[in-house]
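Enquirer:
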Amino acid sequence: MATKKKPVREDVLVFHAMYLMSVIDGSANTPELHVVEGLLTTLPEFADTSVDALVAASRGLVTEHGGLLESLAALTALKGKGIRRKCYLLCAEVAYASGSVSSLEARLLSSMAKLLKLPAADTKMILKVLGMKYAG
C-alpha cells in the first residue's frame with residue numbers, strides 16, 4: 001500500500017523559490033541575502049517558521065526532485081493566484097537586489113512565470129515596478 005505524500009507548505013515553497021533565485025547565478029550575494037532575510041522577518045507567511053526549518057525543507061525539495069533546477073517543479077503545488085503572484089514578485093525582488101538581473105535570473109523568472117501560470121501582464125507589471133524601485 002502506497003503512503004500518501006504530505007503536501008509541501010506554501011511558506012516552504014515560496015522560500016524555496018527565493019532560495020533558487022538567490023543561488024541561480026553561482027552563490028547568493030550579500031544584497032540578495034539581505035532581501036531574503038528582510039522578507040523572512042516581515043512577511044506574515046514566515047511569522048511562525050524558523051529559518052532552519054525552511055532551509056531543511058528546501059534542501060529536501062532539491063533531494064526529492066534530483067537537483068536544484070529540477071526542484072523548480074515543486075512550485076506547481078502553489079494553488080492560489082495570489083500566492084503564485086506573490087512568489088514571483090518576491091523572487092523578482094531577490095533578483096533585482098544585486099543591482100541588475102543576470103541572464104540566468106531572467107531565465108529563471110521566465111520559467112517561474114510559466115510554471116506558476118501567471119499572465120504576462122502581471123509579470124511585466126511586477127518587473128516594471130521593481131525595475132523602478134531598484135533603478136540607480
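In the working numbering, the protein residues as written are 1 to 136.
Note that the Cβ used here is the ideal one computed from N, Cα and C, for glycine as well.
Keep in mind it's a predicted model, so treat the numbers as computed, not measured.
To the nearest angstrom, report how far apart Ala-135 and Lys-124 are at their CA atoms.
Expert: The alpha-carbon atoms of Ala-135 and Lys-124 are separated by roughly 16 Å.
Enquirer: Going by DSSP in three states, Ile-24 sits in which element: helix, strand or coil?
Expert: Here Ile-24 sits in coil by DSSP.
Enquirer: Exposed or buried, which one is Leu-72 when buried takes at least 16 other CB atoms within 10 Å?
Expert: Answer is buried; the Cβ neighbour count reaches 16.
Enquirer: Sorted by chain position, which residues of the same chain lie with C-beta nearer than 8 Å to Val-51's C-beta, five sequence neighbours on each side aside?
Expert: Contacts found: Leu-40.
Enquirer: With distances taken from CA atoms, which of Leu-127, Ser-110 and Ala-92 is nearest Ser-22?
Expert: Among Leu-127, Ser-110 and Ala-92, the Cα nearest to that of Ser-22 is on Ala-92.
Enquirer: Over the uninterrupted alpha helix (DSSP H) stretch that includes Glu-37, give me the two end residues.
Expert: Run containing Glu-37: 30–42, per the alpha helix (DSSP H) assignment.
Enquirer: How is Thr-123 classed by DSSP in three states: helix, strand or coil?
Expert: DSSP places Thr-123 in helix when its eight states are reduced to three.
Enquirer: Less than 8 Å separating the beta-carbons of Leu-130 and Tyr-88?
Expert: For Leu-130 and Tyr-88, no; Cβs fall outside 8 Å.
Enquirer: Let me make sure I understand the geometry here. Which of Gly-38, Leu-75 and Thr-49 has the alpha-carbon closest to that of Val-8?
Expert: The candidate whose alpha carbon is nearest that of Val-8 is Leu-75.
Enquirer: Is the beta carbon of Leu-116 less than 8 Å from the beta carbon of Leu-13?
Expert: No, the Cβ-Cβ distance between Leu-116 and Leu-13 is not below 8 Å.
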